[in-house]
Each structure stands twice: as C-alpha cells, then as structure tokens.
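These protein sequences, in sequence, are chains A and B.
Each residue of the first sequence is one higher than the one before, starting from 27 at the first, in my numbering.
Each residue of the second sequence is one higher than the one before, starting from 4 at the first, in my numbering.
All C-beta atoms, glycine included, are put in the ideal place defined by N, C-alpha and C.
A quick write-up on the structure given underneath.
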Amino acid sequence: MSTGRVWKYGDNVNTDVIFPGRYTYTLMTPEEMAKHALEDLDPEFAKSAKPGDVIVAGKNFGCGSSREQAAACLRAAGVKAVVAKSFARIYFRNAINLGLAVLQCAEAVDALSAGDEIDIDFAAGTITSGNRTFKFFPLPEAVIGIVQTGGLIEYTKKKLGL
Amino acid sequence: MGLTFSEKILGRKAGRVVRSGEVVVISPDYCLSHDNSAAIIGEFKKIGVPRVKAPDKIVIILDHIVPAADEKYAQNHKTIREFVRAQDLPHFYDIQNGVCHQVLPESGFALPGLVIMGSDSHTTTYGAFGAFSAGIGRTEAASIWATDEIWLRVPETLRIEFHCRFPEGVYAKDAILKIIGDNGADRANYEAIEFAGPAAGEFSLSSRMTLANMAAEMGAKNGYFEPDTLTVAWLKARTLREFEIVVSDPDASYEAVLSYDLSKLEPQIACPHTVDNVKPVSALVGKPVQQVLIGTCTNGRLEDLEIAARFLKGRTVHPQTRTLIFPASRAVFLDALRKGVIETLSGAGCVIMNPGCGPCLGAHEGLLAAGETVVSTSNRNFRGRMGNRDSEIYLASPATAAATALEGKITDPRTRL
C-alpha cells in the first residue's frame, strides 16, 4: 500500500482559502489549479504536497462558495482524500462529482497529527496510520454510482448512452 | 404527521410523498449560472450531447466580473455569448443588468413552489419568494443542461421564529448576523431554514432576500419564507407567470425551532475571518476603516440604499474612507436615481459603481491592500476574499456601513440617527 502524509487543519476551512476568488473566473488547467491549492491557508502546501497525501480537518470543510476548483485543485495536487468531521453541503457534492474522496471520520481527525503517515482502504472503509485503524462513514447509496463511474461527467455520459 | 414545504415541493416533483432524508431525482424548473457558465460550457462539451435538453430552463446572468476586468474575463464572456447564440438560449442577461440573485427574481423566475438550482452558493435567496432554491457546482449545472435532471436529498428543516419589532437602527442584516453568530456557520448544514413566526410577515421582500441569501452562511441548502400578500404583490408587479403557493403543514416535523425577539436586538457585525464571528457593533466602535462597501446581492436593494442615504444626506463621507455603492441591479439603480438616492450618495462623496458583484469575490473594482479594513454589507468575510490576505473584512447592515463611512471608523448607527 502506498502511504501519504497528513496535512492537518482546523474547523470551517472555507473555499476562499482553498482556492482564492481572484483565480476563480479564469479557466485553468488542473496543473495550474494545483499551484494555488490552499494558497491563503497554508502556502507550504502547494510547494510540498505529494501524490497520496491526505488532508485532515475539523468540521464544515469547504464552506462558502460553490466554486468547484476548491475540490479540483486538491485532486490535481494529488490529494488522495479529505478526511473531516463534516463537510459543507455544496463542497461534498462537488467533490463526489469530481472524484475527490471526502470521508467523514471525527475519530481519525482527533487522533491524527500533521505529518503522520496515512493510508486509506476504500473497499474496506478504513483509514490506517501506523497501528491505528479508523472506520469512515460510508457514502450515501445514491451517490456511490457517481463515484464508481469516475465522477458525474462519466456517469451522465453512461446514463445518456454516450 | 404533516409535511414541510421542502417535502411538498420535492414530493410534487418526484410524483410521490417524500420525507426528509430521502433522495429524489427531479427535473428542476430553472438552472441559473453566471460568469462561471464558461466553465460549465467546458464540462457540458465533455458530456458530448450537441444541444442542451431544456433551453427555456437555463438562465444565464453575467454579474461577477462585469464589465470584463481583463482579457481573460473578456474571453470568458465572449465564450458564453457565443454559446447562448449557438444554443438559442432565451434567458440571457448580459453585463448591464446586475447581480443574478436580484435579476432572476426581478425577471419573474423566482416563483413560489418552483425548484431552482443555481451554480452559485447564494442561490438560497429565492426562498424569500417561497421557492425551493439551492446552490450546486459547475459540473452539476452541466449535467442539468444535458439531462434536465438532478438528484437531491430532501432536507430536514430548521424553523426560526421571529417575534416583536426591531428597535430603531436595527435591521434584517443584524438579525441574520446574530442568528449565525449564535448558532455557528454549520448549524444548518444540509438543512432547509424556514423563517417564520408572527414577525416574519413584517419583513419586506428586500429584507427577506437578505435573510434567505445568508442562510447559505449557516450551511443551509435553502431558506424559505411562506409567501403572503406582500410576496404576491411583488411578483404580480413583475411577471404574468402563474404560480402556486406551497406552505408547510401546521403539524410538519422540524429538526428544531429557534426563537428570536427582534425588539431585543442591537446592530451586529461579523468580524474577520468567519461569518459566525459576530459581535455587537457597540463592542467595536472606533476601529479605523479605509473602505466601506454598500450593496451586492445581500444588501444592494432600494431599501438598503435609502437607509444609507438617510445617514449621508447633506453630509460627506470621511476623507480617509473610500465608500463604494453597488446597486444590486439596473432596476434598483434606476429606482434609486428617480428617488434622488443616487444624487444624495454621490453628493456625499460615495463612488457609484455599476450594478454587479463588485469586489465581493475579490476579482476587481475596489480590492484591499495589506493592512486595510473594510466594512461591507456583503455576505462573506473569509481571509483574502476581497483582496490581500492580510486585509480585514467586517460585515454589517447598510446603516452601520453608512454611519461608519461618515466617521471613518466603526460606528453604531443608533448614535447617528
């Protein structure tokens, strides 16, 4: 299993600090978006994040704007999942629609620290760090199809027979 | 057990009785988008259908960076205009009209009982008219364009009851800031908020829009006021479209009921950098302010500009406080012009800007430098949202903003009445 590292943040991480409004209304490639990920929260993140890393945060992650880049930029930066105590509603939908894993697990959030090694087993529904294992809250059944198909665009294509 | 308005509206769409927690797949009545339509077009093209499924349900209103601030934004707008022409979309509003959340109701789309999805988080605003309206992302908007369908979880409902009347100098904005401060930015996450109680009907439509708009800042999926004679009169003055009012049953089930006595409120202000960091204005009096912004989809209606004008009439804003006015729409601007409000505000030294989102989302028209402070009537004060990450955004009512503009420092409007 490939492991990543934990980037730990607090409650109410909003979409403006995940992906600033000044870049929101220009079209960018995923690579460009990744460069601005978490720019106003943690300027170190975009410089040092590696594929497989996991963001661990408190409650109401992704509150604020409906901007999808706030999910897309993290996926583009190689983030394997965001583990939080809870997610803001639109962010939760956007992440699923774009194929970014959003996992609810308060126990893991309380236990994990920045820099911890972490791995996620989606099939088993578990988060592992060293000898600690946490169960995450399964996704609602209604959206599992979207995630399994690889996001909403692919899901819609399939639905339309394209 | 009775049904909430959300259960009724979504149940009617689904063709069966539905309860909160269930997931329905429905066909929305309208799908709103703005400058982000360029990105939606990109996603729509990836799906691969040649035409949108229901062109008369798509409403596109350019408002976020209008007029285009640079060539990238200009290209965005051009892409959108070309798509609108190619797809024959009948409901397109170009840069001269104002903020989507004001223009959409003014154009007769925000009707009671309708389901309106919008690719903007403040789509909750149309609940002021008894619609079910919620924000979605760009990919979802593209999917609606292609399929005319969306999945929605039927929300639980938080009921907030208002009693008594505001004291002088206290307004709807103070009420919603107080509610968000008391309950937290995620208190209503995934839920509907029903604004009710004996005093709810006394709010003007303009004030109802302020409350429903900021329901989003408590995490709500949608906000709602039961339509009444004021609602019907407002709508009949603007549209010939028929509508059917949907209300919650008296024995509907609520997640919780909160109660607020408006007569006990004082002016409120949300401090950096979260909307739930709310204090009474009286606790911050005297803090120097370099910019004041009055307007936007939260507080840019005639009622708001008139309140500001009452404070500024025959006076001049503080020389070190730039004061920007953003009417929510061209219709609001014209009304304010006819009533002399624009003359009063301009005469007081305010900068009258074009109807639109302005600097609220941090792209243009009055951004902040490091170390600067703004008092704004908009709805978000996240770090860096209106410019430099080391600037500070305070959110308040038009009265507090206008009193602050006069003094050049945070001022309790009750002391300037």
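Check your understanding: Using the beta-carbon of each residue, which ones in chain B are nearer than 8 Å to Asp42(A)?
Key -> Neighbours of Asp42(A) on chain B, chain order: Gly365, Arg383, Phe385, Arg386, Gly387 and Arg388.
Review point. Could you check where the alpha helix (DSSP H) with Gln78(B) kicks off and where it finishes?
Key: Taken as a continuous stretch (DSSP letters only), the alpha helix (DSSP H) holding Gln78(B) covers Glu74 to Gln90.
Point to revise | Beta-carbon proximity list for Ile50(B), same chain, < 8 Å, skipping 5 on both sides | key: Excluding positions up to five away in sequence, the list reads Ala145, Ser146 and Ala149.
Review point. Is any beta-carbon of chain B found at less than 7 Å from that of Gly125(A)?
Key: Not one beta carbon of chain B lies nearer than 7 Å to the beta carbon of Gly125(A).
Practice item. Could you spell out the range, first to last residue, of the beta strand (DSSP E) harbouring Tyr96(B)? Key: For Tyr96(B), the enclosing beta strand (DSSP E) starts and ends at His94 to Tyr96.
**Study point:** Min CB distance Met27(A) to chain B below 7 Å
**Key:** Reliability fails at Met27(A), whose pLDDT of 48 lies under 50, so the model's placement of it is uncertain and no value is given.
**Study point:** Assigned exposure category for Gln95(A) - 16 Cβ within 10 Å defines buried
**Key:** Looking at its Cβ environment, which holds 16 or more other Cβ atoms inside 10 Å, Gln95(A) is buried.
Exercise for review: Counting only the same chain and skipping the five closest in sequence on each side, list residues whose C-beta sits under 7 Å from that of Leu208(B).
Suggested key: Answer for Leu208(B): Ala131, Leu233, Thr234 and Trp237, listed in chain order.
Review point. Are any of the Cβ atoms in chain B nearer than 7 Å to that of Arg31(A)?
Key: Not an interface residue.
Review point. Is the distance from the Cβ of Asp38(B) to the Cβ of Leu65(B) below 7 Å?
Key: Closer than 7 Å, so yes.
Point to revise | One or two residues paired with Gly5(B) in a DSSP bridge | key: Gly5(B) is bridged to Ala255(B).
Point to revise | Partners in chain B for Ala168(A), counting only beta-carbon separations shorter than 8 Å | key: Here the neighbours are Val26, Trp154 and Arg156.
Review point. What do you get for Thr414(B), buried or exposed, if any count of 16 or more other CB atoms within 10 angstroms of its CB means buried?
Key: Counting of Cβ neighbours within 10 angstroms places Thr414(B) among the buried residues, the total reaching 16 or more.
Exercise for review: Measure from the C-beta of Asp38(B) to each C-beta in chain A and report whether the shortest distance is under 7 Å.
Suggested key: Using a Cβ-Cβ cut-off of 7 Å, Asp38(B) counts as an interface residue toward chain A, since at least one Cβ of chain A sits closer than that to its own.
**Study point:** Positions along the segment 41-74 of chain B whose CB lies within less than 8 Å of some CB in chain A
**Key:** Listed by position along the chain: Ala41, Ala42, Gly45, Glu46, Lys49, Ile50, Gly51, Val52, His67 and Ile68.
**Study point:** Test: Thr52(A) CB closer than 7 Å to a CB of chain B
**Key:** Taking a beta-carbon distance threshold of 7 Å, Thr52(A) counts as an interface residue toward chain B.
Exercise for review: Assess, as a yes-or-no matter, whether the segment 212-225 of chain B is touched by the segment 245-252 of chain B under the definition of 3 or more beta carbon pairs within less than 8 Å.
Suggested key: Of all C-beta pairs linking the segment 245-252 of chain B to the segment 212-225 of chain B, fewer than three are shorter than 8 Å, placing the two stretches out of contact.
Exercise for review: Tell me whether Ile68(B) counts as near the ligand COA, meaning its Cβ is closer than 6 Å to at least one heavy atom of that ligand.
Suggested key: Summarising the ligand content, the structure contains no ligands, and the ligand COA is consequently not present.
**Study point:** Cβ-Cβ separation, Thr324(B) to Gln421(B) (assumed contact under 8 Å), whole Å
**Key:** Past the edges of chain B, shown from 4 to 420, lies residue 421(B), and the structure says nothing about it.
Practice item. Please list the partners that Gly138(B) has in chain A, where partner means a Cβ-to-Cβ separation under 7 Å. Key: Gly138(B) reaches chain A at Ser92 and Ile116, counting residues in chain order whose Cβ is nearer than 7 Å.
**Study point:** Under 7 Å from the C-beta of Ile179(A): neighbouring residues of chain E
**Key:** Absent from the structure is chain E; the protein chains it does hold are A and B.
Exercise for review: Have a look at Ser30(B) and Glu269(B) and give me their C-alpha separation to the nearest angstrom.
Suggested key: Taking the straight line from one Cα to the other gives about 43 Å.
Review point. Name the chain A residues whose beta carbon is nearer than 9 Å to that of Lys224(B)?
Key: Chain order gives the chain A residues near Lys224(B) as Arg115 and Ile116, where near means a beta carbon separation below 9 Å.
**Study point:** Own chain, CB closer than 6 Å to Lys61(A), minus 5 neighbours either side, in chain order
**Key:** Residues Ala72 of the same chain have their beta carbon placed closer than 6 Å to that of Lys61(A), with the five preceding and five following residues left out of the count.
Review point. What are the boundary residues of the alpha helix (DSSP H) that includes Gln174(A)?
Key: First-last of the alpha helix (DSSP H) with Gln174(A): Glu167 to Thr175.
**Study point:** the segment 97-111 of chain B / the segment 61-78 of chain B touching (three or more Cβ pairs under 8 Å)
**Key:** The answer is yes - the segment 61-78 of chain B touches the segment 97-111 of chain B, with three or more Cβ pairs under 8 Å.
Exercise for review: Could you spell out where the alpha helix (DSSP H) holding Arg115(A) opens and where it closes?
Suggested key: Segment Arg115 to Leu124, the alpha helix (DSSP H) holding Arg115(A).
Practice item. Kindly list the residues whose CB is nearer than 6 Å to the CB of Ala311(B), restricted to its own chain and excluding five residues on each side of it in sequence; keep chain order. Key: Contacts found: Ile297, Pro401 and Ala405.
Exercise for review: Have a look at Leu327(B) and Tyr51(A) and give me their C-alpha separation to the nearest angstrom.
Suggested key: Taking the straight line joining both Cα atoms gives about 22 Å.
Practice item. Assuming Ile83(B) and Ile44(B) form a contact by the criterion Cβ under 8 Å, report the distance between their Cβ atoms to the nearest whole angstrom. Key: The Cβ separation is near 7 Å, so the contact holds.
Review point. Which residues, in chain order, does the segment 95-114 of chain B contribute to contact with chain A at a C-beta distance below 8 Å?
Key: The residues in question: there are none.
Check your understanding: By the 10 Å Cβ neighbour count, where 16 or more other Cβ atoms means buried, how is Asn157(A) classified, buried or exposed?
Key -> It counts as exposed.
Exercise for review: For Asp147(A), count neighbouring Cβ atoms within 10 angstroms of its own Cβ and tell me buried if that reaches 16, exposed if not.
Suggested key: Answer is exposed; the Cβ neighbour count stays below 16.
Exercise for review: Taking C-beta pairs closer than 7 Å, name the residues in chain B that Gly47(A) reaches, listed in chain order.
Suggested key: The answer, in chain order, is Leu364, Gly365, Ala366 and Arg388.
Exercise for review: Can you give me, in chain order, the residues of the segment 61-89 of chain A that have a beta carbon less than 7 Å from any beta carbon in chain B?
Suggested key: Using a CB distance below 7 Å, the part of the segment 61-89 of chain A facing chain B consists of Asp66, Lys85, Asn86 and Cys89, ordered along the chain.
Check your understanding: Run through DSSP, which three-state label would Ile314(B) get?
Key -> Note that residue 314(B) is Phe in the sequence shown, not Ile. DSSP places Phe314(B) in the helix class (H, G or I) of the three-state scheme.
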